[in-house]
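Trainee: Those protein sequences? They're chains A and B, same order as listed.
For the first sequence, the working numbering assigns the number 43 to the initial residue and increments by one for each residue that follows.
For the second sequence, the working numbering assigns the number 24 to the initial residue and increments by one for each residue that follows.
The beta carbon of each residue, even a glycine, is placed where N, CA and C say it ideally should be.
The structure displayed is predicted, hence computed values, not measured ones.
Would you mind keeping the following structure in view while I ask a few things?
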Amino acid sequence: MVASKETISVVEQTTSKYKYGFSTKVDVEKAPKGLNEDIIKFISGKKNEPKWLLEWRLNAYKQWLNMKEPSWAKVNYPEIDFQDIHYYAAPKVKKKLKSLDEVDPELLKTYEKLGIPLSEQKMLSGVAVDAVFDSVSVATTFREKLSKEGVIFCPISEAVQSHPELVKKYLGSVVPVTDNYYSALNSAVFTDGSFVFIPKNVKCPMELSTYFRINEQNTGQFERTLIIVEDAGYVSYLEGCTAPQRDENQLHAAVVELVALEDASIKYSTVQNWYPGDENGKGGIYNFVTKRGKCLGDRSKISWTQVETGSSVTWKYPSCVLMGNNSVGEFYSVAITNNFQQADTGTKMIHIGKGTKSTIISKGISAGKSQNTYRGQVQIQKTAKNARNFTQCDSLLIGDKCSAHTIPYINQNISNAKVEHEATTSKISEEQLFYCKQRGLDDETATSLIVNGFCKEVMKELPMEFAVEAQKLIGISLEGSVG
Amino acid sequence: MSILNIKDIHLSIEEKPILKGVSLNVNLGEVHAIMGPNGSGKSTLSYILSGKEGYDLSSGEINFDNKDLLELSANERSNQGLFLAFQYPVELPGVSSMNFLREAVNIRRKVLGKKELNHLEFVKEARRLASSMFIKDEMLKRSVNVGFSGGEKKRFEILQMMLLEPKLAILDETDSGLDVDALKIVSNGVNNYKGKDNAVIVITHYQRLLDYIVPDYVHILADGVIKKSGGPELAKIIEKNGYAGIVDAA
Chain A
43 MVASKETISV
53 VEQTTSKYKY
63 GFSTKVDVEK
73 APKGLNEDII
83 KFISGKKNEP
93 KWLLEWRLNA
103 YKQWLNMKEP
113 SWAKVNYPEI
123 DFQDIHYYAA
133 PKVKKKLKSL
143 DEVDPELLKT
153 YEKLGIPLSE
163 QKMLSGVAVD
173 AVFDSVSVAT
183 TFREKLSKEG
193 VIFCPISEAV
203 QSHPELVKKY
213 LGSVVPVTDN
223 YYSALNSAVF
233 TDGSFVFIPK
243 NVKCPMELST
253 YFRINEQNTG
263 QFERTLIIVE
273 DAGYVSYLEG
283 CTAPQRDENQ
293 LHAAVVELVA
303 LEDASIKYST
313 VQNWYPGDEN
323 GKGGIYNFVT
333 KRGKCLGDRS
343 KISWTQVETG
353 SSVTWKYPSC
363 VLMGNNSVGE
373 FYSVAITNNF
383 QQADTGTKMI
393 HIGKGTKSTI
403 ISKGISAGKS
413 QNTYRGQVQI
423 QKTAKNARNF
433 TQCDSLLIGD
443 KCSAHTIPYI
453 NQNISNAKVE
463 HEATTSKISE
473 EQLFYCKQRG
483 LDDETATSLI
493 VNGFCKEVMK
503 ELPMEFAVEA
513 QKLIGISLEG
523 SVG
Chain B
24 MSILNIKDIH
34 LSIEEKPILK
44 GVSLNVNLGE
54 VHAIMGPNGS
64 GKSTLSYILS
74 GKEGYDLSSG
84 EINFDNKDLL
94 ELSANERSNQ
104 GLFLAFQYPV
114 ELPGVSSMNF
124 LREAVNIRRK
134 VLGKKELNHL
144 EFVKEARRLA
154 SSMFIKDEML
164 KRSVNVGFSG
174 GEKKRFEILQ
184 MMLLEPKLAI
194 LDETDSGLDV
204 DALKIVSNGV
214 NNYKGKDNAV
224 IVITHYQRLL
234 DYIVPDYVHI
244 LADGVIKKSG
254 GPELAKIIEK
264 NGYAGIVDAA
C-alpha cells in the first residue's frame, strides 16, 4: 500500500547510515525542563483534563519518587538526569485542527520525508494513521470512515474528553501505575498517544497505524497507547518510530496497554527505528517501554510482532496476561544491534486461564560491539490447567566483538502444563558469505539476505507492507558490519 | 580469444606449498578438464579463481577477460562473468531459492546493461530453465540448498549457471555424488550452455563425467603443477591406468 511504497523509496534513495536523522523547524511550545507537580499540572491543564486524571497523574508522580530505576537488565548507560528533560513539547497551533489542510506544512513535510503520507487523497487505499510529533498527536486520518463502523481511533488526549468512561475504566488496568519505574513516570507525564476502541463483533476494516517522532532537543517522549477490543472484534495495529540524529541521548518511555475481551483478537506490530547513536556509541534514544496485553475474555488472542533495529539502549518486554480460558498469546521478535547498541528485550507470558497457549519466537542479531539479550518469562499459574508454551530463541552473531545472551525464566506451578524451550546461537559463516558473493552479491546484500532468512519466521507475521519496509531496515542497520 | 590466462601462479597455505607454478590459457569456445588425484590442488585452483578469502597467491598473474582478476573482489568476478559451481553448495536457511536467484540474476543483468526482470518475468524464465534441469517449482520455494539431496544441489548449481550466463564456468567436482541419470541431466545442461562465447573448466577426479561433457583439452594437476596436457584421449588413459603412471613419470 501507499505508505510502505513511499517509505521504501525514501529508504532506498538516501545513503547515510541513519535515514531519519533530520530535524524539522517548527514553532514549538515547550514546558520548562524538569519534573515536579507544577509541570504535571501544566501538562494536565494544557490537555484540559478532568480532575480524576490529574489526580491519577499526581499519585503516579508520588509513587515514582519512591521508586528506583531498575538495574537488572543487561544494559549500561550513564545515570539519567530526569530534571534535565522537557516533559512537554508541542508544535504551536492557534486553534483546534479540523482537517489536514490546517496542519503546519513543515510538519507535513517531515511526515512525507518519513514516508507517511498524511494527505487523505494519497491514503485512499491505505492505512489509517495517527501521527505523534514530540508530545502531541498531529493528525489522525480516516476517522470518519472508521467511525461509521463504530471504531474509535483518535489521540488519547481526545479520548479523555470524548470517551472518558472508557479511558477511566481501562487506563492503568493492564499496566498498573506502579508496575515499574518507567510506567510510573509515564503515568505522571504522558502527553499523548493513540486510543483505539473496537466495538463488539467489528473487524476493523483497515490497519491502524501510529508514527512516533521525537523532534525537539532534550525532549522525552512519553506516549500512552490504549487499545480495547470488545467481544469477537479484531484489529491490526502498526507502530513506527523515528527520531533525528543528535549527540545527546533522549528518553522514550512509553506505555502500551491492550485489552482483548471474549473471542477478540489484537495484532500489534512494531517497527522500531529510533536513532541508535553513531558508530562510536554517541547519542541515540533510550527506549524504556512497557507493553502489555490482557487476554481478559475466553478464546481471546493477543499477538505482538516487533522488529527492533534502533535505539542505543532498549529495555522492552511486550507481554501477555492470559486470563481468559483458552486464550492465546504470541510474541514474535527480531532485535538487531550494531556498533554500541544494547538491547535487553523479550516477553512475559502469564498463564492464568485453563488451556491457555503461548508462542515465543525470538531472533536476536548482534553485530559490531553490541550486546543483545533475550529475557523471557513463562509463568504457569495453578489455575492454568493444560496450558502450553513453546519458546524458540535464536541468536546470530556477526563478527567476534558482539555478544548474545538468552535468559529464560520458567515458573511452572502445575504438572499438566507443557513448556518447551529451544535456543540456538550461530554465526554467519564465511562459507555462506562466499557462496552469495560468488553469485555476485556484495557483502552487505549478502548479509542482509542471510539475516532476513534467519528472521523469516518473524517477518512473515508482519503485515505485508510493513514487512518490506522492515526487510530494508535490517539491511540498513547492519551496514558496515561485515567486510 | 583468451578468456582466462593463468601465468605461473604459486600459492602456499600455512607455509605448505600447494601450487608450485601453474600456467593455463583458456579461450572462448573451449572446454578444459582439470584432473588429478585427491589433494593435488584442483579445488584450491577453483577458490583462487573465484576469489575466496585466504587464497592469496605468493606470485603469478591471472588475466580474466582482459582484466587483472586478482584486483577484483569475489562478487565483482561474478559480476564480470566468472561462475563457480560449488563442490559443496552452501545452505542458506530461510532464504527462498527463487528470491536468491532473482537477486543474483538482476545484479548480473545490471552489469550486462540489461533491464532488471520483474517478479513475473523472472519466475517465468527461472521455471523454463528449471524444468530443463528437472527442478520442480516446489524446490524453488524452499530455502537455498536446505533439504536438497546431493543431486538436487548439483542441478541447482547448473541452473544458477544457466541463469547468470557467465563467460567462464568452473565446475568443481560437479559429478561427485551423482547417479547416472543425474549426471546426464547435469551434463546436458552444461552442453546446452557451452558455445563460442563462453568457456568451461571442468574439475574432476573421474573420467566418467568427460564421457558426457567432452573436453577439448585435458590437464593433469599433481603435486602442485600441471604434469601433462593433452586431448580427451588423456582422460581415457587415466581411466585405464590411473594417475600413478603420470605422477611417477614426472
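DSSP on B:Phe157, reduced to helix/strand/coil?
Mentor: Sequence index remark: in the second sequence, residue 157 of chain B carries index 134 (1-based). B:Phe157 falls in the coil class under three-state DSSP.
Trainee: Please report the residue range of the alpha helix (DSSP H) in which B:Arg100 lies.
Mentor: Translated into the one-based positions of the second sequence, residue 100 of chain B becomes position 77. Counting along the chain, the alpha helix (DSSP H) containing B:Arg100 begins and ends at Ala97 to Asn102.
Trainee: Looking only at its chain, what residues have a beta carbon closer than 6 Å to the beta carbon of B:Gly173, apart from the 5 residues adjacent to it on each side?
Mentor: In the second sequence, the residue the question calls residue 173 of chain B occupies position 150. Once the five neighbours on either side are set aside, the close Cβ partners of B:Gly173 are Gly200.
Trainee: So which of A:Leu364, A:Lys333 and A:Ile456 has the shortest CA-CA distance to A:Tyr310?
Mentor: Working through the first sequence from its first residue, we reach residue 310 of chain A at position 268. For A:Tyr310, the nearest C-alpha among the options comes from A:Lys333.
Trainee: Which parts of the region 217-249 of chain A are runs of the beta strand (DSSP E), unbroken and 3 residues or longer, counting only runs that do not cross its ends?
Mentor: 236-240
Trainee: Following the continuous alpha helix (DSSP H) through A:Gln105, name the residue where it begins and the one where it ends.
Mentor: As a working note, residue 105 of chain A is residue 63 in the first sequence. Lys93 to Leu107 is the span of the alpha helix (DSSP H), which, as asked, contains A:Gln105.
Trainee: Straight-line CA distance for A:Gly275 to A:Ser189?
Mentor: Taking the first sequence and counting its residues from 1, the one referred to as residue 275 of chain A is at position 233. Taking the first sequence and counting its residues from 1, the one referred to as residue 189 of chain A is at position 147. Taking C-alpha positions only, A:Gly275 is separated from A:Ser189 by approximately 15 Å.
Trainee: Taking Cβ-Cβ distances shorter than 9 Å, what residues in chain A pair up with B:Ile85?
Mentor: As a working note, residue 85 of chain B is residue 62 in the second sequence. Here the premise fails: no neighbours, minimum Cβ distance about 16 Å.
Trainee: Counting beta carbon pairs with one atom in the region 446-462 of chain A and one in the region 487-503 of chain A, are three or more of them shorter than 8 Å?
Mentor: Contact between the region 487-503 of chain A and the region 446-462 of chain A is absent, because fewer than three Cβ pairs lie under 8 Å.
Trainee: Mind listing the chain A neighbours of B:Phe179? Cutoff is C-beta to C-beta under 7 Å, in chain order.
Mentor: Along the second sequence, one-based indexing puts residue 179 of chain B at 156. Chain A residues near B:Phe179: none, gap ~12 Å exceeds 7 Å.
Trainee: How many angstroms separate the CA atom of B:Ser66 from the CA atom of B:Gly83?
Mentor: What you label residue 66 of chain B is simply residue 43 of the second sequence in a count that begins at 1. What you label residue 83 of chain B is simply residue 60 of the second sequence in a count that begins at 1. Taking the straight line joining both Cα atoms gives about 18 Å.
Trainee: Can you tell me which of B:Val167, B:Leu105 and B:Leu93 puts its alpha carbon nearest to the alpha carbon of B:Lys126?
Mentor: Taking the first residue of the second sequence as position 1, residue 126 of chain B is located at position 103. In the sequence under discussion, the amino acid at residue 126 of chain B is Glu, which differs from the Lys named in the question. Ranking B:Val167, B:Leu105 and B:Leu93 by Cα distance to B:Glu126 puts B:Val167 first.
Trainee: Measuring only between beta-carbons, confirm whether B:Glu126 sits less than 8 Å from chain A.
Mentor: Here residue 126 of chain B refers to the residue found at position 103 of the second sequence. Chain A contact via Cβ: present.
Trainee: Enumerate in chain order the residues of its own chain whose CB-to-CB distance from A:Gly323 is below 6 Å, with the five nearest sequence positions on each side excluded.
Mentor: For the purposes of this step, residue 323 of chain A is taken as residue 281 along the first sequence, with counting starting at 1. Contacts found: Phe382.
Trainee: Does the beta carbon of B:Val248 sit closer than 8 Å to a beta carbon anywhere in chain A?
Mentor: Here residue 248 of chain B refers to the residue found at position 225 of the second sequence. Answer no: the Cβ-Cβ gap between B:Val248 and chain A never drops below 8 Å.
Trainee: Of all the options B:Lys176, B:Pro60 and B:Lys75, which has the alpha carbon lying nearest to the alpha carbon of B:Leu244?
Mentor: Locating residue 244 of chain B in the second sequence gives position 221, counting from the first residue. Closest by alpha carbon: B:Pro60.
Trainee: Shortest alpha-carbon distance to A:Gly339 belongs to which of A:Val297, A:Glu79, A:Tyr328 and A:Val271?
Mentor: Locating residue 339 of chain A in the first sequence gives position 297, counting from the first residue. Here the closest residue by C-alpha is A:Val271.
Trainee: What does a CB cutoff of less than 7 Å around B:Leu34 pick up in its chain, not counting 5 residues either side in sequence?
Mentor: Against the second sequence, residue 34 of chain B aligns to sequence position 11. Around B:Leu34: Ile41, Leu42, Thr67, Ile71, Tyr78, Leu80 and Ser81.
Trainee: According to DSSP, is B:Asn215 helix, strand or coil?
Mentor: Locating residue 215 of chain B in the second sequence gives position 192, counting from the first residue. DSSP places B:Asn215 in helix when its eight states are reduced to three.
Trainee: Are any of the Cβ atoms in chain A nearer than 8 Å to that of B:Ser166?
Mentor: By 1-based counting over the second sequence, the position of residue 166 of chain B is 143. Yes, B:Ser166 lies at the interface with chain A (some Cβ there is under 8 Å from its Cβ).
Trainee: Output needed for B:Met275: all residues of its chain with C-beta closer than 7 Å, excluding positions within five of it in sequence on either side, in chain order.
Mentor: Residue 275 of chain B is absent from the structure shown; chain B starts at 24 and stops at 273.
Trainee: When the Cα of A:Ile518 is compared with those of A:Pro318, A:Lys405 and A:Ile344, which residue comes out closest?
Mentor: The residue labelled residue 518 of chain A in the question sits at position 476 within the first sequence. Answer by Cα proximity: A:Pro318.
Trainee: How long is the line joining the alpha carbons of A:Ser167 and A:Glu186, rounded to whole angstroms?
Mentor: Taking the first residue of the first sequence as 1, we reach residue 167 of chain A at position 125. Taking the first residue of the first sequence as 1, we reach residue 186 of chain A at position 144. At A:Ser167 the pLDDT is 38, less than 50, meaning the model places this residue with poor confidence and gives no usable figure here.
Trainee: Quick check on DSSP: helix, strand or coil for A:Glu517?
Mentor: Locating residue 517 of chain A in the first sequence gives position 475, counting from the first residue. The sequence given here places Gly at residue 517 of chain A; Glu does not occur at that position. A:Gly517 falls in the helix class under three-state DSSP.
Trainee: How many angstroms separate the CA atom of A:Phe330 from the CA atom of B:Glu175?
Mentor: If you number the first sequence from 1, residue 330 of chain A lands on position 288. If you number the second sequence from 1, residue 175 of chain B lands on position 152. About 49 Å.
Trainee: Which residues share a DSSP beta bridge with A:Lys399?
Mentor: Counting from 1 along the first sequence, the entry for residue 399 of chain A is found at position 357. DSSP output for A:Lys399 lists A:Val370 and A:Arg430 as bridge partner(s).
Trainee: Under 7 Å, CB to CB, which of the residues in the region 127-139 of chain B have a partner in chain A?
Mentor: Ala127, Ile130 and Arg131
Trainee: When you compare each of A:Tyr374, A:Thr379 and A:Arg341 to A:Gly395 by their alpha carbons, which one comes out closest?
Mentor: Translated into the one-based positions of the first sequence, residue 395 of chain A becomes position 353. Of A:Tyr374, A:Thr379 and A:Arg341, the residue nearest in Cα terms is A:Arg341.
Trainee: If you drop the 5 nearest sequence neighbours on each side, which residues of the same chain put their C-beta closer than 7 Å to that of B:Ala149?
Mentor: Position 126 of the second sequence, counting from 1, holds the residue named residue 149 of chain B. Correct list, in chain order: Met121, Leu124, Leu163 and Leu186.
Trainee: Any Cβ of chain B within less than 8 Å of the Cβ of A:Ile492?
Mentor: Along the first sequence, one-based indexing puts residue 492 of chain A at 450. True, the Cβ-Cβ gap to chain B drops below 8 Å.
Trainee: Are the region 85-93 of chain A and the region 197-209 of chain A touching, with three or more C-beta to C-beta distances below 8 Å?
Mentor: yes
Trainee: Any idea if B:His142 is buried or exposed, counting beta-carbon neighbours within 10 angstroms, 16 or more meaning buried?
Mentor: Numbered from 1 along the second sequence, position 119 holds the residue referred to as residue 142 of chain B. Exposed.
Trainee: Please report the straight-line C-alpha distance between A:Glu372 and A:Gly418, rounded to a whole angstrom.
Mentor: Position 330 of the first sequence, counted from the start, is the residue given in the question as residue 372 of chain A. Position 376 of the first sequence, counted from the start, is the residue given in the question as residue 418 of chain A. So the alpha carbons of these two residues sit roughly 12 Å apart.
Trainee: Run through DSSP, which three-state label would B:Ser151 get?
Mentor: The sequence position of residue 151 of chain B within the second sequence is 128, counting from 1. Note on residue identity: the sequence assigns Arg, not Ser, to residue 151 of chain B. B:Arg151: helix per DSSP, three-state reduction.
Trainee: Where A:Leu475 and A:Lys469 are concerned, what is the direct C-alpha to C-alpha distance, given to the nearest angstrom?
Mentor: Along the first sequence, read from residue 1 onward, the residue named residue 475 of chain A stands at position 433. Along the first sequence, read from residue 1 onward, the residue named residue 469 of chain A stands at position 427. Using only the alpha carbons, I get a separation of about 11 Å.
Trainee: Going along the chain, which residues of the region 67-100 of chain B sit with their C-beta nearer than 7 Å to a C-beta in chain A?
Mentor: Ser73, Lys75, Glu76, Ala97 and Asn98
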